[in-house]
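Structure record follows, encoded as structure tokens.
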Amino acid sequence: MAKQLLGKEVTKSLNEKIKEQVQKVKEQGVTPTLALIRVGERPDDISYEKGAVKRCETLGVAYKKYLLPADCTQEDLLDTIEEINESPQIHGALMFQPLPDHLNELEAANHLLPEKDIEGITEGSMYGVFAGIEHGFPPCTPQACIEILDYYGIDCTGKKAVVVGRSMVVGKPVAMMLLKKNATVTFCHTKTEDMPSVIQEADIVIVAVGHPGAVDGSCLSKGQVVIDVGINMNEDGKLCGDVNYEEAEQIVDMITPVPGGVGSVTTSVLVGHVVDAAARAIKKKKSRY
Numbered sequence: 037m038a039k040q041l042l043g044k045e046v047t048k049s050l051n052e053k054i055k056e057q058v059q060k061v062k063e064q065g066v067t068p069t070l071a072l073i074r075v076g077e078r079p080d081d082i083s084y085e086k087g088a089v090k091r092c093e094t095l096g097v098a099y100k101k102y103l104l105p106a107d108c109t110q111e112d113l114l115d116t117i118e119e120i121n122e123s124p125q126i127h128g129a130l131m132f133q134p135l136p137d138h139l140n141e142l143e144a145a146n147h148l149l150p151e152k153d154i155e156g157i158t159e160g161s162m163y164g165v166f167a168g169i170e171h172g173f174p175p176c177t178p179q180a181c182i183e184i185l186d187y188y189g190i191d192c193t194g195k196k197a198v199v200v201g202r203s204m205v206v207g208k209p210v211a212m213m214l215l216k217k218n219a220t221v222t223f224c225h226t227k228t229e230d231m232p233s234v235i236q237e238a239d240i241v242i243v244a245v246g247h248p249g250a251v252d253g254s255c256l257s258k259g260q261v262v263i264d265v266g267i268n269m270n271e272d273g274k275l276c277g278d279v280n281y282e283e284a285e286q287i288v289d290m291i292t293p294v295p296g297g298v299g300s301v302t303t304s305v306l307v308g309h310v311v312d313a314a315a316r317a318i319k320k321k322k323s324r325y
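Numbering-wise, the sequence shown is residues 37 to 325 according to this note's numbering.
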């Protein structure tokens, strides 16, 4: 039976570190502050917003809401982002996506300064991920995967890692982050031939394809660590991942559950990025003098 890699344990450890960092930043006269940019009243956006606000309040991070009507213009949205860019009191911004169809999402994302892009949605932040340098921030979900590996003492050096999925949201950035940790990384995707045999050779498997049961027992082998990023609804109306958990837990050594795995870590990563952004802003200001 596989060991469960529980997100709540990782979150607890992360939160303790974030609280310490918040205290250090506040001792320098700065309160880490998150801007929440929401266009319209999508229920999932409102739910995510409530979760982010609650985590901010728990960890001592301030927040400011920028709420725009669903029919706002592109100019309205860009003006809001520009206001956030110019405010020294705001250190990070979360823009809820997807935006309404009439808005240019890419233009809006790239209008945000990378140093305030705590979700890794700008081209500047993605450059930082692919170059392996501190420029902007990586997307929160890939970093949550890395935080889980680190917390449970899983050394990536020299390991074979297979990433199932090649999106810019999870697959590609998490592959770059694994490379930075000295893993040897292979992608699997819809055009991969004999995908089960490729996955079976891995030490670490990260699955992010958005399809329930996309990876089942036939793809897995003993000794593996499996990180399941998927959040889906099965035929019974219950949350499930991209991995067939019942089959996987009988084979692999370690696996993240869904729910209770990667998703539960992501919000703490987000708030942690806000605090990191505040610390970087202080450091940058000091370097000018």
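We treat Cβ as the ideally placed atom computed from N, Cα and C, and that holds for glycine. None of the values given here were measured: they were computed from a predicted structure.
- In this structure, Ala238 sits away from Val206, with a CB-CB distance that is not shorter than 8 Å.
- Contact annotation: Val200 and Ile235 have beta-carbon atoms nearer than 8 Å.
- Annotation for Ile240: Lys195, Ala197, Val261 place their beta carbon closer than 6 Å to its own, counting only its chain and skipping 5 residues before and after.
- Under a 10 Å Cβ-count criterion, Gln64 is classified as exposed, with fewer than 16 other Cβ atoms of the shown protein chains found around its own Cβ.
- Taking the CA atoms as reference points, Val75 sits about 23 Å from Phe173.
- For Gly128, the enclosing beta strand (DSSP E) begins and ends at 128-131.
- In the structure shown, Tyr102 adopts extended strand secondary structure according to DSSP, grouped into three states.
- Taking the CA atoms as reference points, Asn146 sits about 6 Å from Glu159.
- Measuring C-alpha to C-alpha distances from Asp312 to each of Glu45, Pro68, Leu215 identifies Pro68 as the nearest.
- For Arg78, no beta strand (DSSP E) encloses it, and the DSSP letter there is neither H nor E.
- For the pair Ser304 and Ile54, the CB atoms are nearer than the 8 Å cut-off.
- It is roughly 10 Å from the alpha-carbon of Thr109 to the alpha-carbon of Asp115.
- Cα atoms of Leu139 and Arg78: separation of roughly 15 Å, rounded to the nearest angstrom.
- Taking a 10 Å sphere around the C-beta of Ala317, we find 16 or more other C-beta atoms and assign the residue as buried.
- Note that the region 149-164 does not touch the region 91-107; fewer than 3 beta-carbon pairs, one per stretch, sit closer than 8 Å.
- Within the same chain, Gly43, Thr177, Ala180, Cys181, Ile184, Ile263, Asp264, Val265, Thr292 come within 8 Å of Val298 by CB-CB distance, once the 5 residues on both sides are set aside.
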